[in-house]
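These notes concern the structure reproduced below.
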Amino acid sequence: MGSKTIDLLNILVLNGPNLNLLGQREPSFYGLATLAEIDAMLVREAEALGVKVECYQSNHEGALIDAIHRAGEEKQGLIINAGAYTHTSVALRDAIAGVKLPTVEVHLSNIYQREEFRHHSYIAPIAIGQISGFGANSYRLGLLAIVEYLQQK
Ligand code: CA2
10 MGSKTIDLLN ILVLNGPNLN LLGQREPSFY GLATLAEIDA MLVREAEALG
60 VKVECYQSNH EGALIDAIHR AGEEKQGLII NAGAYTHTSV ALRDAIAGVK
110 LPTVEVHLSN IYQREEFRHH SYIAPIAIGQ ISGFGANSYR LGLLAIVEYL
160 QQK
């Protein structure tokens with residue numbers, strides 16, 4: 010008798026520039042959790058939800074774009090905190106639009122309470138939705154949102 014494997018939903022959590030500094034500076038905006046702690050929390054949450062997450066951070070736009078292209082082949086969904094590239098990068102937006110991966114945009118801080126230049130996101134118009142302002146919890150809420158979305162599809 011052949012055994013049948015059930016493929017789990019596989020989600021990429023992508024973090025952009027400077028988010029590797031989390032927990033070390035600017036705790037009033039970004040909280041005290043390090044990125045490694047946020048990643049570990051997401052892996053635990055994913056396990057509880059019966060899905061898989063892979064977490065990746067880069068300070069380089071091209072490396073983030075390559076990760077999105079790979080995810081288009083291997084993953085079913087994307088959670089992205091593009092950091093400052095949120096407000097500047099047409100290339101990241103084009104990459105996400107190009108691979109057609111359902112995407113949830115997340116931010117630790119509430120970008121609409123901050124400087125005007127942070128109010129615009131190139132990613133928001135092509136994302137399913139955006140979660141902003143809940144600290145590390147934004148990622149957990151983003152995971153719940155994308156899992157529910159993918160399970161209802
Ligand atoms: O609130 C967010 O998650 C942001 O995406 C964070 C970005 C910022 O440019 C966006 O407008 C909003 C900045 C991430 C930088 O993180 C640091 C953490 C510690 C120390 C310095 C920077």
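Per my numbering, the sequence shown starts with residue 10, numbered consecutively.
Ideal Cβ positions, reconstructed from N, Cα and C, are used throughout, including at glycine.
Heavy atom of the ligand CA2 within 8 Å of V115 beta-carbon: Correct: V115 has its Cβ closer than 8 Å to the ligand CA2.
S67 CB to nearest heavy atom of the ligand CA2 below 8 Å: Every heavy atom of the ligand CA2 is 8 Å or more from the Cβ of S67, so no.
C-alpha gap between S147 and F38, whole angstroms: The straight-line gap from Cα to Cα measures roughly 13 Å.
Candidates R123, I132, N29, of which the one nearest E115 by Cα: Sequence inspection shows Val at residue 115; the Glu mentioned does not correspond to that position. Out of R123, I132, N29, I132 has the C-alpha closest to the C-alpha of V115.
Closest residue to G25 among G71, E46, M50 (Cα-Cα distance): Ranking G71, E46, M50 by Cα distance to G25 puts G71 first.
Beta-bridge pairing of E114 - partner residues as DSSP gives them: I89, Q139, per the DSSP bridge assignment.
Bridge partner(s) assigned by DSSP for V62: Per DSSP, the beta-bridge partners of V62 are I20.
Reduced DSSP secondary structure (H/G/I, E/B, other) of Q161: Q161: helix per DSSP, three-state reduction.
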